[in-house]
Amino acid sequence: MRLGKFILCLFILTTLTSCKPDSDSEEAKASLFKSVNPKPVYISGKNKAPLEKIKSKVRGIHEIHDVSVIQNGKQILVAYKVKHFDRFRMESIEKKLVTILNDEFPKYEFLVSSDMKIFLEAIELTVHVQKENYPKKKAEKWFGNIVRLEKEQT
Amino acid sequence: MKKELKPEQKKYQELQQKHETKRPVLANCMKAFIVGGLICVIGQAVSLFYMYYFNFTEKTVGNPTVATMVFFSMLLTGFGIYDKLGQIGGAGSAVPVTGFGNAVISAAIEHKTEGFVLGVGGNIFKLAGAVIVWGVFSAFVVALIKTLWLMWI
Amino acid sequence: MLKGKQSWQFENKPAILVSSSVAGPFEGKGKIANEFDIVYDELWMKEDSFEKAHRLLVEDAIQTIFTKSNKTQGDIQFLIAGDLINLMTPTNFAASTHQIPYLGIYNACATSMEGLAMASFIVNSGGAQHIITGASSHNAAAERQFRYPTEYGGQKPPTAQWTVTGAGFGLIGQSNPQMKNQPVVASSTIGRVIDMGLTDPFNMGGAMAPAAAETIYTHFEDLQLAHDYYDAIFTGDLGEIGNEVAFELLAERGFHITREKFQDCGLMIYGDDQEVQSGGSGAGCSAFVLYSHILNEMKRGIYKRVLICATGALFSPLSFQQGETIPCIAHAVAIEMLGGAE
Numbered sequence: 022m023r024l025g026k027f028i029l030c031l032f033i034l035t036t037l038t039s040c041k042p043d044s045d046s047e048e049a050k051a052s053l054f055k056s057v058n059p060k061p062v063y064i065s066g067k068n069k070a071p072l073e074k075i076k077s078k079v080r081g082i083h084e085i086h087d088v089s090v091i092q093n094g095k096q097i098l099v100a101y102k103v104k105h106f107d108r109f110r111m112e113s114i115e116k117k118l119v120t121i122l123n124d125e126f127p128k129y130e131f132l133v134s135s136d137m138k139i140f141l142e143a144i145e146l147t148v149h150v151q152k153e154n155y156p157k158k159k160a161e162k163w164f165g166n167i168v169r170l171e172k173e174q175t
Numbered sequence: 571m572k573k574e575l576k577p578e579q580k581k582y583q584e585l586q587q588k589h590e591t592k593r594p595v596l597a598n599c600m601k602a603f604i605v606g607g608l609i610c611v612i613g614q615a616v617s618l619f620y621m622y623y624f625n626f627t628e629k630t631v632g633n634p635t636v637a638t639m640v641f642f643s644m645l646l647t648g649f650g651i652y653d654k655l656g657q658i659g660g661a662g663s664a665v666p667v668t669g670f671g672n673a674v675i676s677a678a679i680e681h682k683t684e685g686f687v688l689g690v691g692g693n694i695f696k697l698a699g700a701v702i703v704w705g706v707f708s709a710f711v712v713a714l715i716k717t718l719w720l721m722w723i
Numbered sequence: 005m006l007k008g009k010q011s012w013q014f015e016n017k018p019a020i021l022v023s024s025s026v027a028g029p030f031e032g033k034g035k036i037a038n039e040f041d042i043v044y045d046e047l048w049m050k051e052d053s054f055e056k057a058h059r060l061l062v063e064d065a066i067q068t069i070f071t072k073s074n075k076t077q078g079d080i081q082f083l084i085a086g087d088l089i090n091l092m093t094p095t096n097f098a099a100s101t102h103q104i105p106y107l108g109i110y111n112a113c114a115t116s117m118e119g120l121a122m123a124s125f126i127v128n129s130g131g132a133q134h135i136i137t138g139a140s141s142h143n144a145a146a147e148r149q150f151r152y153p154t155e156y157g158g159q160k161p162p163t164a165q166w167t168v169t170g171a172g173f174g175l176i177g178q179s180n181p182q183m184k185n186q187p188v189v190a191s192s193t194i195g196r197v198i199d200m201g202l203t204d205p206f207n208m209g210g211a212m213a214p215a216a217a218e219t220i221y222t223h224f225e226d227l228q229l230a231h232d233y234y235d236a237i238f239t240g241d242l243g244e245i246g247n248e249v250a251f252e253l254l255a256e257r258g259f260h261i262t263r264e265k266f267q268d269c270g271l272m273i274y275g276d277d278q279e280v281q282s283g284g285s286g287a288g289c290s291a292f293v294l295y296s297h298i299l300n301e302m303k304r305g306i307y308k309r310v311l312i313c314a315t316g317a318l319f320s321p322l323s324f325q326q327g328e329t330i331p332c333i334a335h336a337v338a339i340e341m342l343g344g345a346e
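If you read the protein sequences in the order shown, they are chains A, B and C.
The first sequence maps to residues 22 to 175 in our numbering.
The second sequence maps to residues 571 to 723 in our numbering.
The third sequence maps to residues 5 to 346 in our numbering.
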């Protein structure tokens, strides 16, 4: 009986672990454990924002060690990672970041997130967009999904 | 509440204390830190797993992670490993959610012989019930104080 | 007959004719494992509850006595036994199986010696030809009743004790004057309940030690024996701490024996590699050590006269949670080898 239970557990575990990964690029995997410093991405929109400048502004905050910036129309997604021991002050860092961005670039709508998952998705999107002839429609839809994911509660 | 001790009782208790083996508090703390820490590392790995392979954010990954950790502690309890871990880890294995799972599941296993309704159903929260009752109640009190405090300011 | 304040001396020398012991898996790996009659290799013992397994322990122990002594139910007048679980259902049910007129007794872990003293008294005064007496306990059943569920991962302090899984039973009857090397019950002392105000159920040895010291001291007073009269004195299940404390209490009252002679049944069962914190405990502890190891040692001639003082903590999970202290009791029984050199 014990053996039967054990085999059942093994079975469940193997089924769980053999799921097809949702994020599967090398960069995304690497970003789980270290800074990957991705290029800013511009998907669409009338006027391209000074993305490099935004990125360096964000990196100027010393608690933040990795940042991904993606623009889609008026919306700019800023996903960032906070240094481990500064994670206690997560909220105040976010507040600081939002004030800086809104003050310096008032024309855009910023979505900031320190969430690991949002960062992973941003990296993934970055990787795909940089490929040749990735359809713009698809990228826009993906961006929308990330925004929805970010707003999701519990 | 404590009854007044008679002098001979007091005298005996002093003598008894002299012989009583003390709990190795410092060593226990270290072990609790290591065991508790390891459990949390596993928990972190599980939540990264869910974030990486599924559509969960840091905000939403809590629920599936807790469920998985309780599932693990259920297996360990069922195979008779968790109580040994508890003897080593003490608070380190009792405080994380796996300890809660262990309290629920051990009671369920224990009372299976009394039937599923009155035995398992009636006793499953024998140990964990106190945690739920006082956890919910103290959360309520703290929330109440916070609300009043914010209204005051 | 009554001797002194609270002791009996048995001049007709009721003998322990046969004894039997049944042990659980953990005890079966201990120091005295090869002295048990039956050793089960798992706690369930193929029953579907721990309580039923406990009942099986008692049934097996009594059955072993029947086989060893070539006697049947009809030859035994009374069964005097007890255990720790819920109004003693395991022993009660076993008594129902074996259909011997039955007296159920409870003195927590002192039940074993209480039963032996009572059985000896009845046999001594001609109230019965043969009486079976003993006590038993089951680790998982007791844990469940007195502490937490078996699989619960609580941390036990070093003062905690391990409830033994086992049963020890003896057949008490008239001694045969012709026969050599018979263990007989010489005397016994019934203890008072002593409450030193301790409340920690994880330190029962410490709570029970004064009761043991009191009973042992009174035994020597009542029977006016020299302090070195016995080859060994065994306390029931005081564990390391309780044994140490009881020894010191006796020394304080001017009672002098050598340290090696003052042993504890709870410390004789398990090997050093077994994690039992302070030692074994439970109603079965003193019973199955006496009815296996100690009697065997006496038959081998290592001990001529021993005093066994079983201690019991008379509390319940309810009384403990209501903040009551732990009152304790101890009964002592002296066993001598008849037919040996005086």
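Built from N, CA and C at the ideal position, the CB exists for glycine as well.
Beta carbon of residue i nearer than 9 Å to that of residue j
| i | j | result |
| --- | --- | --- |
| K75 of chain C | V189 of chain C | no |
| C313 of chain C | M117 of chain C | yes |
| D41 of chain C | S53 of chain C | no |
| G86 of chain C | Q133 of chain C | no |
| A143 of chain A | L98 of chain A | yes |
| H335 of chain C | G195 of chain C | yes |
Coil, strand or helix - residue i by DSSP
| i | result |
| --- | --- |
| F626 of chain B | coil |
| M5 of chain C | coil |
| T315 of chain C | strand |
| V665 of chain B | coil |
| N93 of chain A | strand |
| P94 of chain C | helix |
| P42 of chain A | With a pLDDT of 47 at P42 of chain A, under the threshold of 50, the predicted position of this residue should be treated as unreliable, and no value is reported. |
| R110 of chain A | helix |
| Y101 of chain A | strand |
| N58 of chain A | coil |
| F32 of chain A | helix |
| F173 of chain C | strand |
CB contact check: residue i to chain B, cutoff 9 Å
| i | result |
| --- | --- |
| R148 of chain C | yes |
| Q174 of chain A | yes |
| D87 of chain A | no |
| A51 of chain A | no |
| Q159 of chain C | yes |
| D107 of chain A | no |
| V280 of chain C | no |
| V249 of chain C | yes |
| E340 of chain C | no |
Spatially closest choice to residue i from the options, by CA coordinates
| i | options | result |
| --- | --- | --- |
| H58 of chain C | C:E147, C:E248, C:G258 and C:V337 | C:E147 |
| G210 of chain C | C:E155, C:N247 and C:D232 | C:N247 |
| A171 of chain C | C:Y110, C:I194 and C:V43 | C:V43 |
| M644 of chain B | B:G671, B:L655 and B:L585 | B:G671 |
| L585 of chain B | C:G316, C:K308, C:F266 and C:P214 | C:P214 |
| I237 of chain C | C:I89, C:T315 and C:A112 | C:T315 |
| I189 of chain A | A:E153, A:K152, A:P156 and A:M137 | Residue 189 of chain A cannot be examined here, being either before or after the span of chain A that is shown, 22 to 175. |
Straight-line gap, residue i to residue j (C-alpha atoms, nearest Å)
| i | j | result |
| --- | --- | --- |
| I2 of chain C | A637 of chain B | The requested residue 2 of chain C does not occur in the structure, where chain C is confined to residues 5 to 346. |
| R151 of chain C | T222 of chain C | 33 Å |
| M113 of chain A | D276 of chain C | The residue asked about is misnamed: residue 113 of chain A is Ser in this sequence, not Met. Distance between the alpha carbons of S113 of chain A and D276 of chain C: 56 Å. |
| P105 of chain C | N300 of chain C | 29 Å |
| I80 of chain C | P94 of chain C | 20 Å |
| L60 of chain C | G201 of chain C | 36 Å |
| M49 of chain C | D64 of chain C | 11 Å |
| M212 of chain C | Y652 of chain B | 31 Å |
| G283 of chain C | N207 of chain C | 11 Å |
| R108 of chain A | S135 of chain A | 10 Å |
| P205 of chain C | F324 of chain C | 8 Å |
| W12 of chain C | L6 of chain C | 5 Å |
| E340 of chain C | K303 of chain C | 10 Å |
| Y101 of chain A | I612 of chain B | 24 Å |
| P42 of chain A | S140 of chain C | Confidence is the limiting factor: at P42 of chain A the pLDDT is only 47, short of 50, which leaves the residue's position unreliable and the question unanswerable from this model. |
| H149 of chain A | N693 of chain B | 54 Å |
| N68 of chain A | E130 of chain A | 13 Å |
| E84 of chain A | K629 of chain B | 21 Å |
Contact with chain C by residue i, beta-carbon distance below 9 Å
| i | result |
| --- | --- |
| A597 of chain B | no |
Within-9 Å CB hit, residue i to chain A
| i | result |
| --- | --- |
| M639 of chain B | no |
- Along the segment 577-591 of chain B, what residues have a CB closer than 7 Å to any CB found in chain E? Although the question refers to chain E, the structure presented lacks it and instead comprises the protein chains A, B and C.
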